[in-house]
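To start, the structure under review is shown below, and the notes come after it.
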Amino acid sequence: MDLRTDYPFWLLDEGIIRSYPSLPHDIHTEVVVMGAGISGALAAWHLCKAGLKVVVVDKRHVGLGSTAASTALLQYEIDTPLTELSAKVGPRDAARSYLLCLQSISDLGKICQKLPEAGFKRRPSLQYASFKKDAADLRKEYKARKAIGISLQWLEKEEVKNKFGFEKDAALFSRDGAEVKAYSLTHALLHDCRRQGIRVYDHTEIKSVVEHRRGVELIAADGKRIKARKLVIACGYESGVYIPQKVQTIHSTYAIVSEPFENDHFWFRNSLIWETARPYLYLRTTPDKRILIGGKDDDFSDPRKRQKSLSGKARALESSFGKLFPALDFKTDFKWAGAFASTKDGLPYIGSLPGRPHTYFALGFGGNGITFSMMAAGMIERSITGRKDPDAGLFSFSR
Ligand SMILES: Cc1cc2nc3c(=O)[nH]c(=O)nc-3n(C[C@H](O)[C@H](O)[C@H](O)COP(=O)(O)OP(=O)(O)OC[C@H]3O[C@@H](n4cnc5c(N)ncnc54)[C@H](O)[C@@H]3O)c2cc1C
C-alpha cells in the first residue's frame with residue numbers, strides 16, 4: 001500500500017536516523033514483531049523490558065510507514081465523542097476507553113523521560129465548537145467527561161477569545177495532551193532495547209505467516225524463515241491482509257508545516273487545537289518554532305488522487321488557519337499526505353483472533369493512533385506474559 005507521499009516533514013527533518021540489516025538467515029526467537037513503526041516499536045520495547053527475546057522486522061526502513069507522516073498530537077479524546085461512544089459500546093466501555101487513553105499519555109511520558117530525542121512535551125488540548133450549533137453537544141460532552149472523572153474546563157466565548165484570540169462560541173480545555181516526534185520516538189525505542197538483545201531487520205518483507213500448534217513461522221520474500229513462540233502484527237494500515245474481516249476504512253489526510261517563526265509562543269500555552277467539525281482541522285507547534293496543521297481529509301484512499309489533491313489541500317489548510325489566526329503569517333514550508341484508517345466506533349483493534357492464539361494485533365486505527373499503540377503495547381505484553389487484563393475485551397475483534 002502507498003501509505004504516504006514521499007516527503008513527510010519528519011523524514012526531511014531527521015533523515016534516516018538508523019538503518020538495520022535485512023534478515024541474514026533463518027532464525028528462532030521468542031517473539032517476532034512484524035512492523036517497525038510506532039506500534040511495533042512500542043510493543044517490542046514493552047516485550048524486551050519484560051525480559052523476552054524479541055526480533056522486529058520491517059519491509060521498509062524503520063519508521064518509514066505512516067509513522068514518518070504522523071503529526072503526532074497525543075490526545076485522550078477519541079474521534080468519537082464520549083457521549084456518542086457510550087451509545088455505541090455502552091457507558092462502561094466508553095468511559096474505560098477514554099480513561100485508558102488518558103493513562104497512555106502519562107505512561108508514554110514516563111518512557112520518554114529517558115528518550116529526550118522523542119520530543120515528548122505535555123500540552124493542553126483545546127477543542128472548540130466549529131459552529132454555534134455545536135456548542136450544545138459540546139456542553140453535553142463536557143458533562144459526560146467530568147462525570148467519569150476527567151479534569152477539563154468549559155470555556156465561554158469570552159475566554160476562548162481572551163486565551164486564543166479567535167471567536168468561537170465555546171470550547172473544552174483540558175490539561176492532558178502532549179506532543180511527540182513519532183518517527184524519532186520509534187527509533188529511540190528500538191535503540192533503547194539493544195541492551196536487552198533486540199534484533200531489528202529492515203528491508204525484510206514477510207510474505208507468509210503460518211500458525212502452528214506451538215508457535216508461528218514467518219516466511220520472508222527471499223525464502224528465509226523466522227520461527228517464534230508468539231507474533232505481534234503491527235503492520236499499520238497494511239495489516240488488513242492478515243484479518244478475515246474488514247475492520248477499517250481507509251481515507252486520505254493532509255498536513256502542512258510552516259517555516260520556522262522567530263518566536264516560539266503562538267497561542268495560549270501552545271495548546272493542541274482541534275474542533276467539533278468533521279473532518280476536523282487540528283494544530284500543534286513543533287520544537288523548532290513551526291506550526292503544524294492537519295486535516296481536510298478525503299473519503300478516498302487512491303494515492304494518485306491524494307498526491308494530486310495535495311497542493312489544493314495545503315492552500316485550504318493555510319486558509320483555514322488564516323481565519324483563526326490572521327495575525328500569524330503562516331508560510332507553508334512542507335506539505336504531505338497519507339492514508340488514514342478509521343473504525344466503526346473510533347476504537348482500535350488489539351489482541352488475537354479466534355483460532356490463532358499465538359498471533360496478536362496492535363492496530364491503533366483512528367485519530368489517536370499513537371495513544372492506541374501505547375495501549376496495545378501494554379495489553380499485548382500482559383497477554384504474552386500470561387497476566388490477566390480486565391480491559392482485554394474492549395478492543396477485541398468480536399466487539
Ligand atoms: C498525516 C497523518 C497524521 C496523523 N496524525 C496523528 C496524530 O496527530 N496523532 C496520532 O496519535 N496519530 C496520528 N496519525 C496516525 C498515526 O500516525 C498512526 O496510527 C501510526 O503512525 C501507525 O503506526 P504503525 O506502527 O501502526 O504503522 P506504520 O508506521 O505504518 O508501521 C507499520 C510498518 O509495518 C511494515 N509492514 C507492513 N507489512 C509488512 C510486511 N508484510 N512485512 C514486513 N513489514 C511490513 C511497514 O513497512 C511499516 O513500516 C496520523 C497519520 C497520518 C498519516
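When the sequence shown is numbered by our numbering, its final residue is 399 and no position is left out of the sequence of numbers. Note that CB positions come from ideal geometry on N, CA and C, so glycine has one too.
Please classify residue i: does DSSP put it in a helix, a strand, or coil?
{"i": "Arg225", "result": "strand"}
{"i": "Ala144", "result": "helix"}
{"i": "His46", "result": "helix"}
{"i": "Asp264", "result": "coil"}
{"i": "Pro411", "result": "Because the chain here runs from 1 to 399, residue 411 falls outside it and cannot be looked at."}
{"i": "Pro116", "result": "helix"}
{"i": "Phe9", "result": "helix"}
{"i": "Ala362", "result": "strand"}
{"i": "Ile16", "result": "coil"}
{"i": "Ser398", "result": "coil"}
{"i": "Leu292", "result": "strand"}
{"i": "Gly51", "result": "coil"}
{"i": "Ala36", "result": "coil"}
{"i": "Leu138", "result": "helix"}
{"i": "Arg278", "result": "coil"}
{"i": "Arg269", "result": "helix"}
{"i": "Gly149", "result": "coil"}
{"i": "Gly109", "result": "helix"}
{"i": "Gly351", "result": "strand"}
Return the residue from the list the options that minimises the CA-CA distance to residue i.
{"i": "Val232", "options": "Lys335, Lys88, His46", "result": "His46"}
{"i": "Gly119", "options": "Asp288, Ala255, Val57, Leu64", "result": "Asp288"}
{"i": "Ala72", "options": "Leu185, Val55, Glu167, Tyr142", "result": "Leu185"}
{"i": "Lys133", "options": "Ile150, Ala171, Leu152", "result": "Ala171"}
{"i": "Gly215", "options": "Lys230, Tyr360, Gly90, Ile148", "result": "Lys230"}
{"i": "Phe372", "options": "Arg123, Ser301, Ser342", "result": "Ser342"}
{"i": "Gly294", "options": "Leu3, Ile27, Glu259, Trp336", "result": "Trp336"}
{"i": "Glu30", "options": "Leu52, Ile105, Leu11", "result": "Leu52"}
{"i": "Gln153", "options": "Glu167, Gly366, Lys143", "result": "Lys143"}
{"i": "Arg101", "options": "Arg269, Asn368, Ile380", "result": "Going by the sequence as given, residue 101 is Cys instead of Arg. Ranking the options by Cα distance to Cys101, first place goes to Asn368."}
{"i": "Arg96", "options": "Asp137, Ile148, Pro354, Thr359", "result": "Ile148"}
{"i": "Phe340", "options": "Lys305, Asp389, Ala41, His251", "result": "His251"}
{"i": "Val33", "options": "Cys48, Pro24, Glu156", "result": "Cys48"}
{"i": "Tyr449", "options": "Leu115, Gln127, Gly177, Arg145", "result": "With the chain covering only 1 through 399, there is no way to say anything about residue 449."}
{"i": "Gln75", "options": "Ala94, Leu115, Arg123, Ala50", "result": "Arg123"}
{"i": "Ser352", "options": "Phe330, Arg399, Leu190", "result": "Arg399"}
{"i": "Lys246", "options": "Phe261, Phe397, Leu218, Arg175", "result": "Phe397"}
{"i": "Phe261", "options": "Asn270, Arg290, Gly240", "result": "Arg290"}
{"i": "Leu347", "options": "Pro390, Ile370, Asp333, Ile256", "result": "Ile370"}
{"i": "Val180", "options": "Gly40, Gly109, Val200", "result": "Gly109"}
{"i": "Asp26", "options": "Ala314, Arg284, Ile219, Asp329", "result": "Ile219"}
{"i": "Arg199", "options": "Pro303, Ile78, Gln113, Val56", "result": "Val56"}
{"i": "Ile105", "options": "Ala94, Lys121, Glu117, Lys114", "result": "Lys121"}
{"i": "Glu159", "options": "Leu317, Ile243, Trp267", "result": "Trp267"}
{"i": "Asp13", "options": "Gly386, Ser258, Ala50, Asp176", "result": "Ser258"}
{"i": "Asp297", "options": "Lys313, Arg304, Leu283", "result": "Lys313"}
{"i": "Ala43", "options": "Ser271, Pro390, Tyr360", "result": "Tyr360"}
{"i": "Ala50", "options": "Gly35, Met379, Leu292", "result": "Met379"}
{"i": "Arg344", "options": "Thr80, Ala94, Pro357", "result": "According to the sequence displayed, residue 344 carries Lys and not Arg. When each option's Cα is compared against that of Lys344, the closest is Thr80."}
{"i": "Asp222", "options": "Asp107, Ser208, Arg213, His212", "result": "Ser208"}
In terms of residue numbering, what span does the alpha helix (DSSP H) encompassing residue i cover?
{"i": "Lys313", "result": "303-324"}
{"i": "Ala377", "result": "369-384"}
Along the beta strand (DSSP E) that carries residue i, what are the first and last residues, could you check?
{"i": "Val180", "result": "Val180 -> no beta strand (DSSP E), and no H or E assigned at all."}
{"i": "Lys335", "result": "332-342"}
{"i": "Leu152", "result": "152-156"}
{"i": "Leu272", "result": "272-275"}
{"i": "Asp26", "result": "First-last for Asp26: undefined, no H or E at that position."}
{"i": "Pro124", "result": "121-128"}
{"i": "Gly165", "result": "Segment: none, Gly165 is in no beta strand (DSSP E) and carries neither H nor E."}
{"i": "Thr285", "result": "282-285"}
{"i": "Leu328", "result": "Per DSSP, Leu328 belongs to no beta strand (DSSP E) and is neither H nor E."}
Check whether the Cβ of residue i sits closer than 7 Å to any heavy atom of ligand 3, and report yes or no.
{"i": "Thr71", "result": "As presented, the structure is devoid of ligand 3, carrying ligand 1 as its sole ligands."}
Notebook entry, point to check: Counting Cβ pairs closer than 8 Å, one from the stretch 82-94 and one from the stretch 59-70, do we hit at least three?
Noted result: No: the two stretches stay apart, fewer than three of their Cβ pairs being nearer than 8 Å.
Next item on the list: Taking only runs that begin and end inside the stretch 57-107, name each unbroken alpha helix (DSSP H) of 4 or more residues, in chain order.
Entry: 82-89
Next item on the list: Quick one: which unbroken beta strand (DSSP E) runs of 3-plus residues sit fully inside the stretch 186-260? Chain order, please.
Entry: For secondary structure counted as the beta strand (DSSP E) over 3 or more consecutive residues, the stretch 186-260 holds these complete runs in sequence order: 199-201, 206-211, 216-220, 225-233, 249-258.
Item checked: Three CB pairs or more closer than 8 Å across the stretch 161-181 and the stretch 262-277 -> yes
Check: For the 8 Å Cβ check, are there 3 or more pairs between the stretch 232-241 and the stretch 87-97?
Finding: Short answer: they don't touch.
Checklist line | Cβ contact check for the stretch 19-27 and the stretch 198-215: 3 or more pairs under 8 Å | finding: yes
Next item on the list: Decide if the stretch 300-319 is in contact with the stretch 241-260; the criterion is three or more beta carbon pairs, one per stretch, under 8 Å apart.
Entry: yes
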